[in-house]
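Here the sequence shown is numbered in numbering that gives the first Met the number 0, starting from 0 and rising by one per residue. For every residue, glycine included, the Cβ atom is placed at its ideal position computed from N, Cα and C. A quick note: this is a predicted structure, and the numbers were derived from the prediction, not measured. Down below is the structure, laid out as structure tokens.
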Amino acid sequence: MGRRATINDVAAAAGVSVSTVSKAVHGRYGVSPDTVRRVIEVVDRLGYQSSLGASSMRSRRTGVIGVLVPEFEPFSAEVLKGVGSAMLGTGFDLLAYAGSQDGPGEGWERRSVSRLSGTLVDGLIMVTPSIVSVSADVPIVAIDPHTGRADLPTIESDSYHGAQLATRYLIGLGHTRIGFIAGRPDLRSAGLRDAGYRSALIDAGIAFDPRLVGIGRYEVDASRELAHELLSQEMRPTAIFASNDLSAIAVMAAAAELGISVPEQLSVIGFDDIPEASRHTPPLSTVRQPIQRLGEVAASMLFALLRGEKPDVTHVQLPTRLVPRGTTGPPR
0 MGRRATINDV
10 AAAAGVSVST
20 VSKAVHGRYG
30 VSPDTVRRVI
40 EVVDRLGYQS
50 SLGASSMRSR
60 RTGVIGVLVP
70 EFEPFSAEVL
80 KGVGSAMLGT
90 GFDLLAYAGS
100 QDGPGEGWER
110 RSVSRLSGTL
120 VDGLIMVTPS
130 IVSVSADVPI
140 VAIDPHTGRA
150 DLPTIESDSY
160 HGAQLATRYL
170 IGLGHTRIGF
180 IAGRPDLRSA
190 GLRDAGYRSA
200 LIDAGIAFDP
210 RLVGIGRYEV
220 DASRELAHEL
230 LSQEMRPTAI
240 FASNDLSAIA
250 VMAAAAELGI
260 SVPEQLSVIG
270 FDDIPEASRH
280 TPPLSTVRQP
290 IQRLGEVAAS
300 MLFALLRGEK
310 PDVTHVQLPT
320 RLVPRGTTGP
330 PR
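Now the structure itself:
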């Protein structure tokens with residue numbers, strides 16, 4: 000069996016540059032129809048169509064759906080499971096891609112989308128993107144974008160109501176000094192969880208106390224450090240609501256380091272219901288957002304776009320629900 004043909008072989012046989020072959024293969028501007036036909040003939044003759052880029056040129060499809068995530072962590076992993084479930088039997092492959100974030104600031108999505116769209120994937124699902132105004136040759140659906148609703152189809156969970164459920168549950172247990180570890184300030188869903196927490200306090204006639212609130216940014220180390228500060232106060236909280244489960248688990252680690260037992264001396268509740276929540280000892284009380292379902296619905300919306308259909312709705316919000324477990328109880 001001979002070696003696999005390369006783009007250099009195609010360029011030499013067609014009498015054109017490598018960049019011209021690339022443009023012809025990917026259907027980009029700047030190449031005459033005659034040149035495109037000549038390149039296609041060489042692609043067929045040399046067998047270069049086995050490459051992903053060349054096959055996309057011939058069919059205008061790669062057969063691949065891309066999921067673009069800022070990093071691989073529990074939330075993204077559950078979204079990927081949902082997307083994968085929705086793709087069963089479709090004939091499409093799944094490409095999970097972690098965007099390059101070289102330094103602070105927004106815009107990593109633009110770089111990643113430009114690398115993937117039109118050459119490697121037929122469509123993209125972006126998870127918690129900081130921006131949604133990206134130019135792409137393929138349809139895009141966004142899950143939980145920083146800015147909320149956008150011109151492109153978006154899907155999210157009901158963070159506001161979920162935060163209300165968590166806070167009202169703690170109040171119902173008898174807690175009045177309820178700490179809150181907020182998520183990322185730039186993420187709309189994090190702001191909604193903050194608002195839901197405050198709303199539940201107001202409804203119960205409990206004054207908001209800024210000394211019981213801090214920003215953990217959904218990060219384990221930051222949340223653990225913040226929990227140490229909250230729990231070292233003379234009038235420490237009897238319960239803490241953390242904006243995500245990883246932060247809640249960090250709170251319990253800080254409590255253990257300070258000799259504070261959960262739930263006897265401190266109730267803790269999270270948000271997400273990632274697999275680690277139920278496996279923790281004791282199992283973590285939390286608010287479940289249907290993370291895998293987010294991926295499934297996003298994939299369904301994307302496939303509709305690929306079929307040329309216009310979505311009935313461009314924004315979907317899924318409900319959240321309370322999941323009480325072993326880390327919450329009445330205050331001592």
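Going by beta carbon distance, what residues of the same chain come within less than 7 angstroms of Leu-315, once the five residues before and after it are set aside? Per the sequence presented here, residue 315 reads as Val, with Leu not at that position. So the list reads Ile-154, Val-296, once near-sequence residues are dropped.
Should Thr-319 and Asp-157 be called a contact, given that it needs their Cβ atoms to be closer than 7 angstroms? Result yes, Cβ atoms of Thr-319 and Asp-157 sit closer than 7 angstroms.
If contacts are defined as beta-carbon pairs under 8 angstroms, then Thr-313 and Ser-284 qualify, I think. What distance do you get, rounded to the angstrom? That belief does not hold up - the Cβ atoms of Thr-313 and Ser-284 are roughly 34 angstroms apart, past 8 angstroms.
So if DSSP puts Thr-222 in a beta bridge, which residue, or which two residues, is it bridged to? The residue asked about is misnamed: residue 222 is Ser in this sequence, not Thr. Residue pairing by DSSP places Ser-222 in no beta bridge whatsoever.
Could you give the DSSP three-state label for Gly-213: helix, strand or coil? Strand at Gly-213.
DSSP has Tyr-96 in a bridge; who is on the other side? Leu-67, per the DSSP bridge assignment.
Mind checking which residues open and close the alpha helix (DSSP H) that includes Val-78? Here the alpha helix (DSSP H) through Val-78 covers 73 to 86.
DSSP three-state label for Asp-271, please. Of the three classes helix, strand and coil, the one that applies to Asp-271 here is strand, per DSSP.
Cβ-based burial, Gln-288 [other Cβ within 10 Å; buried from 16]: Here Gln-288 is buried: its Cβ has 16 or more other Cβ atoms, across all protein chains shown, within 10 Å.
Can you tell me where the alpha helix (DSSP H) holding Thr-166 begins and where it ends? Counting along the chain, Thr-166 sits inside the alpha helix (DSSP H) bounded by residues 158 to 171.
Is the beta carbon of Pro-281 less than 7 angstroms from the beta carbon of Gly-173? Contact flag unset, no.
Short check: CB of Val-9 to CB of Val-35, under 7 angstroms? No.
Minimum C-alpha distance to Val-286 - residue among Ile-268, Glu-275, Arg-278: Nearest Cα to Val-286 within the set Ile-268, Glu-275, Arg-278: Ile-268.
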